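*Asks:* Residue numbers (this note's numbering): 308 to 528.
Heads up, the beta-carbon is just placed ideally off N, CA and C, and yes, glycines get one too.
Quick caveat: nothing in here was measured; it's all calculated off a predicted structure.
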């Protein structure tokens, strides 16, 4: 069941963690909207904990965590997920996740254009209010769309893509009462489908069978 940031923060101390972009963003949420923010442009393994320290947060007192599960930086998101799993050992708490592109879509003036982010291998994450979050090949990207600033990309961005802000301090008030949060019992990076693995049958290594040998006749003087 989905819920809103307002409802979640009203139940007790809640902390938001977002490592999807090249800027780490952490907030101590307040039900009245008076949030405390910390940001870091260092890599997530350092920036996340720097933000937590800057806000003087004690993970053992947090009642609920809000976590960006993606799309975005897989390394950053998994670093945040690992930290959350560790903090949950200190004190059990609820964890709710949200999709970065969905948050942007609801924060934009409506009707919002498709929001996209690179999914590698010549494919892109695409979010629309009508169809939700999908992964599409480059050839099927919509002609007009928006991309969040600070998200890495490996493929050439769509020709008609417009960059939009991913500053959560600016965006959060616009989605404060929108039910974008869903329960996440085991925080991890979002995947469109579970990875598949090829089975392999081990065999004892053996030398290859001998092949035909070329015969050479040595000339004698």
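1) If you draw a straight line from the C-alpha of residue 374 to the C-alpha of residue 477, how long is it?
2) Considering only residues of the segment 378-419, which uninterrupted alpha helix (DSSP H) runs meet the minimum length of 4 residues and lie entirely inside it, listed in chain order?
3) Is it a yes or a no for the segment 328-344 touching the segment 393-401, going by three-plus beta-carbon pairs under 8 Å?
4) Does residue 376 come out as helix, strand or coil in the three-state DSSP assignment?
5) I need the DSSP call for residue 466, collapsed to helix, strand or coil.
6) Can you give me the C-alpha to C-alpha distance between residue 420 and residue 329, rounded to a whole angstrom?
7) Please look up how many angstroms separate the CB atoms of residue 490 and residue 392, rounded, as I've assumed it's under 8 Å.
8) Using the C-alpha atoms, what's the distance from residue 370 back to residue 318?
9) Given a cut-off of 8 Å on the beta-carbon distance, is the pair residue 452 and residue 432 in contact?
10) Could you pull the start and end residues of the beta strand (DSSP E) that residue 444 belongs to?
11) Confirm, please, whether the CB-CB distance from residue 482 to residue 424 is below 8 Å.
12) Please report the distance separating the alpha-carbon of residue 457 from that of residue 516.
13) CB residue 406 to CB residue 383, shorter than 8 Å?
14) Can you tell me whether residue 316 is helix, strand or coil according to DSSP?
15) Helix, strand or coil, according to DSSP, for residue 358 in the structure here?
16) Rounded to whole angstroms, what's the CA-CA distance from residue 529 to residue 402? Just pull it up for me.
17) For residue 440, I'd like the list of residues in its chain whose CB is within less than 6 Å of its CB, leaving aside the five on either flank, ordered along the chain.
18) For residue 454, which beta-bridge partners are listed by DSSP?
19) Would you say residue 326 and residue 351 are within 8 Å of each other, going by their C-beta atoms?
20) If we ignore side chains and look at the alpha-carbon of each, how far apart do residue 388 and residue 499 end up?
*Replies:* The structure says:
1) Position 67 of the chain shown holds residue 374. Position 170 of the chain shown holds residue 477. Going from the Cα of residue 374 to the Cα of residue 477 covers about 17 Å.
2) For secondary structure counted as the alpha helix (DSSP H) over 4 or more consecutive residues, the segment 378-419 holds these complete runs in sequence order: 381-397 and 407-414.
3) Output reads no: the segment 393-401 does not touch the segment 328-344.
4) On the chain shown, residue 376 is found 69 positions in, with the first residue counted as 1. Looking at residue 376 - three-state DSSP - the assignment turns out to be strand.
5) As a first step, residue 466 is located in the chain shown; it is residue number 159 there, counting from the start. Secondary structure of residue 466 (DSSP, three-state): coil.
6) Mapped onto the chain shown, residue 420 falls at position 113. Mapped onto the chain shown, residue 329 falls at position 22. The alpha-carbon atoms of residue 420 and residue 329 are separated by roughly 23 Å.
7) Taking the chain shown and counting its residues from 1, one reaches residue 490 at position 183. Taking the chain shown and counting its residues from 1, one reaches residue 392 at position 85. The pair is not a contact, with the Cβ atoms about 15 Å apart (cut-off 8 Å).
8) Here residue 318 corresponds to residue number 11 of the chain shown, with the count starting at 1. Here residue 370 corresponds to residue number 63 of the chain shown, with the count starting at 1. Those two C-alpha atoms are separated by around 8 Å.
9) Translated into positions along the chain shown, residue 452 becomes position 145. Translated into positions along the chain shown, residue 432 becomes position 125. In this structure, residue 432 does not lie closer than 8 Å to residue 452 by Cβ.
10) The residue labelled residue 444 in the question sits at position 137 within the chain shown. Taken as a continuous stretch (DSSP letters only), the beta strand (DSSP E) holding residue 444 covers 439-444.
11) One-based indexing of the chain shown puts residue 424 at position 117. One-based indexing of the chain shown puts residue 482 at position 175. Taking a C-beta distance under 8 Å as the contact criterion, residue 424 and residue 482 do not qualify as a contact pair.
12) In the chain shown, the residue the question calls residue 457 occupies position 150. In the chain shown, the residue the question calls residue 516 occupies position 209. Near 57 Å, if we compare the C-alpha coordinates of residue 516 and residue 457.
13) Here the question's residue 406 lines up with position 99 in the chain shown. Here the question's residue 383 lines up with position 76 in the chain shown. Cβ atoms of residue 406 and residue 383: not closer than 8 Å.
14) Taking the first residue of the chain shown as 1, we reach residue 316 at position 9. Assignment of residue 316 by DSSP, reduced to helix, strand and coil, places it in the helix class.
15) Counting from 1 along the chain shown, the entry for residue 358 is found at position 51. Residue state, collapsed to three classes: helix.
16) Residue 529 falls outside the range modelled here, since the chain spans only 308 to 528, and no answer is possible.
17) For the purposes of this step, residue 440 is identified with residue 133 of the chain shown, where counting begins at 1. Excluding sequence neighbours, residue 440 sits near 406 and 434.
18) Against the chain shown, residue 454 aligns to sequence position 147. Residue pairing by DSSP places residue 454 opposite 470 in a beta bridge.
19) Taking the first residue of the chain shown as 1, we reach residue 326 at position 19. Taking the first residue of the chain shown as 1, we reach residue 351 at position 44. Yes.
20) For the purposes of this step, residue 388 is taken as residue 81 along the chain shown, with counting starting at 1. For the purposes of this step, residue 499 is taken as residue 192 along the chain shown, with counting starting at 1. Cα to Cα, the separation comes out at about 17 Å.
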